[in-house]
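Chains A and B, in that order, give the protein sequences. Using our numbering, read the first sequence as starting at 1 and increasing by one per residue. Using our numbering, read the second sequence as starting at 115 and increasing by one per residue. Note that beta-carbon positions come from the ideal geometry of N, C-alpha and C, so glycine has one too. See structure below.
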Amino acid sequence: EAQVTQNPRYLITVTGKKLTVTCSQNMNHEYMSWYRQDPGLGLRQIYYSMNVEVTDKGDVPEGYKVSRKEKRNFPLILESPSPNQTSLYFCASSFTAGGLYEQYFGPGTRLTVT
Amino acid sequence: EDQVTQSPEALRLQEGESSSLNCSYTVSGLRGLFWYRQDPGKGPEFLFTLYSAGEEKEKERLKATLTKKESFLHITAPKPEDSATYLCAVQGFISNFGNEKLTFGTGTRLTIIP
Chain A
1 EAQVTQNPRY LITVTGKKLT VTCSQNMNHE YMSWYRQDPG LGLRQIYYSM
51 NVEVTDKGDV PEGYKVSRKE KRNFPLILES PSPNQTSLYF CASSFTAGGL
101 YEQYFGPGTR LTVT
Chain B
115 EDQVTQSPEA LRLQEGESSS LNCSYTVSGL RGLFWYRQDP GKGPEFLFTL
165 YSAGEEKEKE RLKATLTKKE SFLHITAPKP EDSATYLCAV QGFISNFGNE
215 KLTFGTGTRL TIIP
């Protein structure tokens, strides 16, 4: 089954404790992206990757890091989480950069930072 | 900067009562306008892509239309299972060149009452 998976689905952590949210897709997609969703603000892009070892900032990259060492994986790293990073996070992928293809979204990770 | 505004924020309909959701957008060179459905606690699920003014697409009880300034999602004779949040997103060519970023609206929360 074609899908984007994220882990964990739910996470409660404390300020300053480093964490990683994993994202994996099994569709051989080149393009992957992270979004956060907050009430009244819609989905906003954090980082994106057009292919292995190619990443760039989205609209709200502060406080986040990413890496793309393999085509299927695109982890999101919060090195020192703060309460304003409490949000619902989605990973998405699409077939290729440069084309107009629909994005497939993962199930989401709900993060709470206290 | 690309912008998307959706209205109404919330809509309650009786089963079988048809209506339309609005998505107004501004974008520097439209590559595509997307409609997604999002169920509570889940990631957005792709519905339609519209590329140019005058285009229409249908899927079951849903029909999406596009003009140069807005898109409508028409829902005909809805059923309770159509209850969800419907998200509109645009992908600009000039502003997003090289990035498949979607600029999302905040969505319309649709409730169909049996």
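Check, Outcome
"Rounded to a whole number of angstroms, what is the C-alpha to C-alpha distance between A:N51 and A:Y64?", "19 Å"
"Taking the beta strand (DSSP E) that A:D38 falls in, what are its first and last residues?", "Y31 to D38"
"Going along the chain, which residues of its own chain have a beta-carbon closer than 6 Å to the beta-carbon of B:D196, five neighbours each way excluded?", "I226"
"Leaving out the 5 sequence neighbours to the left and right, which residues in its chain are closer than 6 Å to B:H188 when beta-carbon positions are compared?", "S134 and K177"
"Mind checking A:S82: buried by the 16 CB within 10 Å criterion, or exposed?", "exposed"
"Identify the contact partners of B:N136 in chain A, using a Cβ-Cβ distance below 9 Å as the criterion.", "Correct list: empty, because the minimum Cβ distance to chain A is about 15 Å."
"Would you mind stating whether B:S121 and B:L144 have Cβ atoms separated by less than 9 Å?", "no"
"Would B:T140 and A:E102 qualify as a contact pair, given that the criterion is a beta-carbon distance under 9 Å?", "no"
"Is DSSP giving B:A131 helix, strand or coil here?", "Before going further, note that residue 131 of chain B is Glu rather than Ala in the sequence given. It is coil, neither helix nor strand."
"Helix, strand or coil, according to DSSP, for B:E195 in the structure here?", "helix"
"Our contact map puts A:M27 next to A:F74 with C-beta atoms below 8 Å; I'd like the distance itself, whole angstroms only.", "With 8 Å as the limit, A:M27 and A:F74 do not qualify as a contact, their Cβ atoms being about 13 Å apart."
"Does the ligand COA have a heavy atom nearer than 8 Å to the CB of B:L176?", "By its list of ligands, the structure shown contains no ligand whatsoever, and the ligand COA lies outside what it can speak to."
"Given that a residue counts as buried once 16 or more other Cβ atoms are within 10 Å of its Cβ, and exposed if not, what is B:T222?", "buried"
"Which chain B residues sit within Cβ distance under 7 Å of A:L43?", "F218"
"Using a Cβ-Cβ cut-off of 8 Å (strictly less than) and excluding sequence neighbours within five positions of A:Q45, which residues of its own chain qualify?", "S33, W34, Y35, G58, D59 and V60"
"Strictly by DSSP, which residues pair up with B:L144?", "B:G206"
"Roughly how many angstroms lie between the CA atoms of B:R126 and B:L224, to the nearest whole one?", "6 Å"
"Taking 6 Å as the limit between beta carbons, can you name the residues of its chain near B:T181, skipping five residues before and five after?", "A167"
"Let me check understanding here. Comparing Cα to Cα, which of A:D38, A:L43, A:D56 and A:N7 lies closest to A:T22?", "A:N7"
"Using 9 Å as the limit for Cβ to Cβ distance, is A:F74 near chain B?", "no"
"Between the Cα of B:C202 and the Cα atoms of B:P194, B:G155, B:A191 and B:K183, which residue gives the shortest distance?", "B:K183"
"The beta strand (DSSP E) spanning B:F160 covers which residue range?", "E159 to L164"
"Counting contacts by CB-CB distance shorter than 9 Å, is A:S87 in contact with chain B?", "no"
"Going by beta carbon distance, what residues of the same chain come within less than 6 Å of B:F148, once the five residues before and after it are set aside?", "T163 and A203"
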